[in-house]
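What follows is one structure encoded as structure tokens, with my remarks underneath.
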Amino acid sequence: GCLEREEKVESSFDIFQSYRMAGEGNVFSVPPGLVSIFLDEDQAGNKELKVLLGDINQLTFLVISHDYNIKDNRYYSEISQRFKDINFQDLAMINSGNEIVSFKISQVDTENTIDELVIIVSNYESIFCISFKGDINFNNVANFTKPENLASISNLDRFKR
28 GCLEREEKVE
38 SSFDIFQSYR
48 MAGEGNVFSV
58 PPGLVSIFLD
68 EDQAGNKELK
78 VLLGDINQLT
88 FLVISHDYNI
98 KDNRYYSEIS
108 QRFKDINFQD
118 LAMINSGNEI
128 VSFKISQVDT
138 ENTIDELVII
148 VSNYESIFCI
158 SFKGDINFNN
168 VANFTKPENL
178 ASISNLDRFK
188 R
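In terms of my numbering, the sequence shown has 161 at position 134, counting the first letter as 1, and numbering is strictly consecutive.
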């Protein structure tokens with residue numbers, strides 16, 4: 028018999044593109060240096076974000092907005108599972124009541140670096156995911172993901188518009 032060939036997912040970009048190809052979301056990239064220009068270092072978390080952006084050479088967003096009829100948490104659960112399937116590890120999850128923010132990382136190597144950090148944010152407006160790729164110092168990631176730095180993620184939210 029004929030078996031349907033399952034699409035093989037190997038990277039965050041493959042995951043992001045699958046939602047774009049299905050007409051469920053938008054995918055775009057922003058130069059990390061451009062993000063740094065817009066950061067006010069006096070705001071909580073922005074200093075840590077700026078340090079993290081120094082390690083980044085590719086910043087990619089997936090946005091699934093209410094325009095795509097989000098009626099449940101399906102996307103958040105589904106996207107989280109898809110990252111687990113390609114061996115991303117959960118680093119932290121913060122539930123502020125208004126949104127859930129989940130941090131996922133690729134494997135930490137012997138030099139205490141990672142290749143990629145993915146942030147998944149689910150709120151009343153949308154699900155948005157941000158992929159930070161580069162030679163990322165894990166200590167910079169740990170400093171950025173502290174709950175008191177959550178405001179800096181809201182600043183990244185402006186790029187989804």
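For every residue, glycine included, the Cβ atom is placed at its ideal position computed from N, Cα and C.
Exercise. For the putative contact between ILE141 and PHE165, defined by C-beta atoms under 8 Å, what is the C-beta separation to the nearest angstrom?
Worked result: Contact holds; Cβ gap of about 6 Å.
Exercise. What three-state label does DSSP hand ASN176 in the structure shown?
Worked result: Correct three-state label for ASN176: helix.
Problem set entry | Presumed contact (8 Å Cβ cut-off) between SER56 and LYS77, rounded CB distance | About 19 Å separates the two Cβ atoms, so there is no contact after all.
Problem set entry | Burial state of ASN114, where buried means 16 or more other Cβ atoms lie within 10 Å | Exposed, because fewer than 16 other Cβ atoms sit within 10 Å of the Cβ of ASN114.
Exercise. Unbroken beta strand (DSSP E) runs of length 3 or more, entirely within the stretch 77-158: which are they?
Worked result: Entirely contained in the stretch 77-158, the beta strand (DSSP E) runs reaching 3 residues are, in chain order, 83-92, 116-122, 126-132, 140-150.
Exercise. Within this structure, are the beta carbons of GLU75 and SER179 separated by less than 8 Å?
Worked result: For GLU75 and SER179, yes; Cβs fall inside 8 Å.
For this session: Measure the alpha-carbon distance for SER92 versus GLU126 and round it to whole angstroms.
Result: Those two C-alpha atoms are separated by around 14 Å.
Problem set entry | Secondary structure of SER38, DSSP reduced to three states | Coil at SER38, not helix or strand.
Exercise. Are the beta-carbon atoms belonging to ILE42 and PRO59 less than 8 Å from one another?
Worked result: No Cβ-Cβ contact shorter than 8 Å links ILE42 with PRO59.
Exercise. Does the beta-carbon of PHE171 have 16 or more other beta-carbons within 10 angstroms, so that it is buried, or is it exposed?
Worked result: That one is buried.
For this session: Mark ASN266 as exposed unless 16 or more other C-beta atoms lie within 10 angstroms of its C-beta, in which case mark it buried.
Result: Residue 266 lies beyond the stretch modelled for the chain, which goes from 28 to 188, so this question has no answer here.
For this session: Would you mind stating whether LEU89 and TYR46 have Cβ atoms separated by less than 8 Å?
Result: A contact, by the Cβ cut-off of 8 Å.
For this session: Give the range of the alpha helix (DSSP H) segment to which PHE171 is assigned.
Result: Residues 165-171.
Exercise. Apart from the five residues on each side of it in sequence, which residues of its chain come closer than 8 Å, Cβ to Cβ, to ILE163?
Worked result: So the qualifying residues of the chain are LEU79, ASP82, ILE83, THR140, ILE141, ASP142, GLU143, LEU144.
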